[in-house]
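Residue numbers (my numbering): 35 to 211. Every residue, glycine too, gets a C-beta built ideally from N, C-alpha and C. This report concerns only the one structure given below.
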């Protein structure tokens, strides 16, 4: 064998070894990629389930608060029923500013129907809802029904869950049936 042939055989062997190393490396990368994809899918499912649980919890608290706040036989009942859903700040926000609560001898009843909540979640611990619903109020036997828009801000408090932190009466829609 001549020197050129030995060189060619050595280069050929080096080429085969390099090709074998590249093949092993590619297969190893492929296996790692499959593991990463499986983990990614698992984590995406976990994240979406956690997000939907928290979103659902915020929605449930929002709806429960609105139903208890706007469906009552007396104002004392109203404020007693909403306390579990509120932060201190949120509870204070429900009291009418520059207005006195109706006297016990005055008859005030209210009911809510057709609640349509629209959610905006700014973070995992804060959510806001714009709520549209029909509100029937009976004050001293005079009934009025309006379409009302109320904004609620919720805060997630560790070990307590979602709580209403702010309530704002946005307005009434007129001309709606």
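For this session: With DSSP collapsed to three states, give me the class of residue 180.
Result: In the structure shown, residue 180 sits in a strand (DSSP, three-state: E or B).
Exercise. Can you tell me whether DSSP reads residue 143 as helix, strand or coil?
Worked result: Residue state for residue 143 is assigned as strand, using DSSP reduced to three classes.
Exercise. What's the C-alpha gap between residue 200 and residue 183?
Worked result: Per the coordinates, the alpha-carbon of residue 200 lies some 14 Å from the alpha-carbon of residue 183.
For this session: Count the other C-beta atoms from every protein chain shown that fall within 10 angstroms of the C-beta of residue 49, then say buried if there are 16 or more, exposed otherwise.
Result: Flag for residue 49 reads exposed.
For this session: Mind checking who residue 128 pairs with in its DSSP beta bridge?
Result: Under DSSP, residue 128 shares a beta bridge with no residue.
For this session: With DSSP as the reference, label residue 49 as helix, strand or coil.
Result: Taken through DSSP and simplified to helix, strand or coil, residue 49 comes out as helix.
Exercise. Considering only the beta carbon of each residue, do residue 172 and residue 143 sit closer than 8 Å?
Worked result: Inclusion of residue 172 and residue 143 in the CB contact set at 8 Å is warranted, their separation being smaller than that value.
Problem set entry | Span of the alpha helix (DSSP H) around residue 171 | Element bounds for residue 171: not the alpha helix (DSSP H) but the beta strand (DSSP E), 160 to 173.
Problem set entry | Whole-angstrom distance between residue 80 and residue 132, CA atom to CA atom | Confidence at residue 132 is low in this model, with a pLDDT of 46, below 50, so its placement is unreliable and no value can be given for it.
Problem set entry | Environment of residue 198 [buried if 16+ CB atoms lie within 10 Å] | Per the 10 Å Cβ criterion, buried.
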